[in-house]
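Only one structure is covered here, and it is reproduced in the block below.
Number of protein chains: 2
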Amino acid sequence: MIAFQVFFWYTETMPDKNHTTGFKPIAPRKIYQSILEQFVNMVCDGSLKTGEKIPSERELAESFQVSRPSVREALRVLEIIGLIDIQPGGGAYLKELSISPFISVIAPLLFSRDSFDLELLEFRELIEIRAMELIGERFTEADLDAIGSSLKEMGKALEGNDPEAGAVADIAFHRSLLLASKSYILQKVLEVVVSLFEHAIRGGRSLVLQEHEDARQLYEEHKGIYEALERRDFNLARSLVQAHLTMVRGLYARTVTAKEIPAESAL
Amino acid sequence: MIAFQVFFWYTETMPDKNHTTGFKPIAPRKIYQSILEQFVNMVCDGSLKTGEKIPSERELAESFQVSRPSVREALRVLEIIGLIDIQPGGGAYLKELSISPFISVIAPLLFSRDSFDLELLEFRELIEIRAMELIGERFTEADLDAIGSSLKEMGKALEGNDPEAGAVADIAFHRSLLLASKSYILQKVLEVVVSLFEHAIRGGRSLVLQEHEDARQLYEEHKGIYEALERRDFNLARSLVQAHLTMVRGLYARTVTAKEIPAESAL
DNA sequence: CCTAGATAACTGGTAATACCAGTTGACAGA
DNA sequence: TCTGTCAACTGGTATTACCAGTTATCTAGG
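Encoded structure:
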């Protein structure tokens, strides 16, 4: 069963060279790490619940018998990993784990790579299609309802010619699909992908919006997916999702090349 | 092209309720965020290179015209996102972005969910198989060499009955496969998966090691994958990887149920 | 009595300072 | 040349203080 032990020795032995001897480098334990550990454990065992207000920095410092800066460092980390929401002057509140703040920090690093945008699109396809493969096994009426209401929102947005509402409904639709897969990891991964897309667009990349003559086609595609699920035809639904995402990627590629050419001719 | 705008409005409008008005909540910009941003930008544009030593906290505080605690908060975040390596008494050094420290913090939260282990295995399958799909298009001789040398290490470990070396070679093998896919995202995602496995095992879960009577079978499977790649038979290689991972998952399931039963009877 | 506005007691954000512990490198003695 | 010491770093932690924003209370005015 080496295949598992693999994962144990990876980070242990790869970085340092003396893994043949059995000496491991000593890393001094820092105070903020201990605080962090206690916090995470308390969340795990339910001592702290989502939405709950955590004590003030001064109280925590007193409780932990450490100084306020140490507490602050731990809180800073908790903020970055998206486990708490800090309101200056207010207090800190526990929330559902969200990786977005972390992604915000590293996003520029990722996008500094060539062709990262396209890879991201491909990756999104991968997880969404996988979600569709899982969806059949444990599909419920509630899942269908959630997807249906997203579709209805999309329809309303189309009628009212409201791209923003349509966008929100679109993401809600795909989110519902992921939720129906009942896979926690896939949901979290989608969260990361969504944050990355957001930063990509905010940073001026992939600005393929505004031209919503395709809005009706998109709506029809989503409607098709919904109807397939309604009939419990999961194979068809999967194919439709695949076709939909491929189409979206095609639109992206078209937009990018259209944007690239004038950029080059300007040189 | 609503499908893209979606991602822009997601985190903007979902959290607050007044997205119909257009008012966005004001979040006061904190000093450490500004420092963070400057740092990340400097890494992006190459002002700071991997391995380079960054100035001391006191120097940075002076340069940025802020206090040392503010600098420390930024450094703390950089440490968590795995962009710098801090040696107490030494200094801080830039390194390749690695998500492991971040994963270390949130791992307990993730594993506190039921059936996360199995989901993780399934997810690993997903990305590895996807990597095998990509591998055909851009496979080079260097890729084959890297995979081959990992296999050779695995063989040596098998002869010498050295599970640890075999484990290292195993992960190196799969890593080479991911590298050959030329997909940055898949590589990074594998990194995360590997970190998670490490924490799972360290935390006493999935301790399915030691019994290496299966080592030869694992070696043969890896060898088969290599030989298929040698003949550029990518379809066969993909099937073999799929079979290999399914087998590994089966072993896991067997071990878990074997462990679960005595645990229950002990109650 | 009720409401509007001021006030006081919070909160987190930042700063300045000091001291400790570990690392490093140079220097002096063997 | 080698070795041990020591001084000058480094980051880790603690203390204290003050600022700005929020919140809740209380008071003065209606």
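Taken in sequence, the protein lines are chains S and A. Residue 4 is where the first sequence starts when you use my numbering, and the numbers rise one by one after that. Residue 4 is where the second sequence starts when you use my numbering, and the numbers rise one by one after that. Just so you know, even glycine gets a beta-carbon here, dropped at the ideal spot from N, CA and C. Predicted model only: the values in this text are computed from it and were never measured.
Ranked by how close their Cα comes to the Cα of A:I89, the residues A:L121, A:S66, A:S101 and A:K56 have A:K56 in first place.
For a Cβ distance threshold of 8 Å, residue set P111 of chain S lies close to A:N44, ordered along the chain.
For a Cβ distance threshold of 7 Å, residue set I109 and L112 of chain S lies close to A:L100, ordered along the chain. Contact check for A:I87 against A:L97 passes: the beta carbons are separated by less than 8 Å. Per DSSP, S:D146 is one residue of the alpha helix (DSSP H) stretching across E144 to G163. Nearest to S:H225 by C-alpha distance, out of S:N238, S:A172 and S:A256, is S:A172. In this structure, A:V74 lies away from A:I29, with their beta-carbon atoms at least 8 Å apart.
As far as DSSP is concerned, A:Y229 takes part in no beta bridge.
A:L97: member of the beta strand (DSSP E) spanning A95 to L97, first to last residue. Using beta-carbon distances, A:E140 does not count as an interface residue toward chain S, since no partner is under 8 Å. Under the Cβ criterion (8 Å, minimum of three pairs), the region 142 to 154 of chain A counts as touching the region 173 to 190 of chain A.
Between the region 135 to 143 of chain A and the region 154 to 168 of chain A there are fewer than three C-beta pairs closer than 8 Å, too few to call the two in contact. The CB of A:S115 comes closer than 7 Å to the CB of C47 in chain S, given here in chain order. At a cut-off of 8 Å, the C-beta of S:P28 has no neighbouring C-beta in chain A.
Going by DSSP, A:D88 is part of no alpha helix (DSSP H) but of the beta strand (DSSP E) stretching over I87 to I89.
With at least 16 other beta carbons inside 10 angstroms of its own, A:A95 counts as buried. S:Q245 sits close to S:I132, with the two beta carbons spaced by under 8 Å.
Less than 8 Å separates the beta-carbon of S:I83 from that of A:V80. The count of Cβ pairs closer than 8 Å, one atom from the region 183 to 192 of chain S and one from the region 109 to 116 of chain S, stays below three, leaving the stretches out of contact. Here A:I57 carries a strand assignment [DSSP, helix/strand/coil]. The beta carbon of S:A175 sits closer than 6 Å to those of S153, all from its chain and outside the five residues before and after it, given in chain order. Residue contact with chain A for S:L129: present (Cβ-Cβ distance below 8 Å to some residue of chain A). Contact annotation for S:S70 against chain A: no contact, minimum CB-CB distance about 11 Å [criterion: below 8 Å]. Per DSSP, the unbroken alpha helix (DSSP H) holding S:V74 starts and ends at R71 to I83. For the set A:K52, A:G92, A:E76 and A:L123, the Cα lying nearest the Cα of A:K33 is the one of A:E76. Taken in chain order, the members of the region 171 to 192 of chain A whose beta-carbon sits within less than 7 Å of a beta-carbon on chain S are V171, D173, I174, S186, Y187 and I188. Cβ contact annotation for S:P58 (same chain, cutoff 8 Å, sequence separation greater than five): S66, in chain order. It is roughly 28 Å from the alpha-carbon of S:H202 to the alpha-carbon of A:L63. Rounded to whole angstroms, the separation of the alpha carbons of A:L129 and S:R127 is 13 Å.
Secondary structure of S:Q190 (DSSP, three-state): helix. For the region 51 to 85 of chain A, the residues whose beta carbon sits under 8 Å from a beta carbon of chain S are, in order, P72, R75, E76, R79, V80, I83 and I84.
Residue contact with chain S for A:L39: present (Cβ-Cβ distance below 8 Å to some residue of chain S).
For S:I106, the uninterrupted alpha helix (DSSP H) segment begins and ends at S103 to F114. A direct Cα-to-Cα measurement between S:S242 and S:Y229 gives close to 12 Å. Here S:S37 carries a helix assignment [DSSP, helix/strand/coil].
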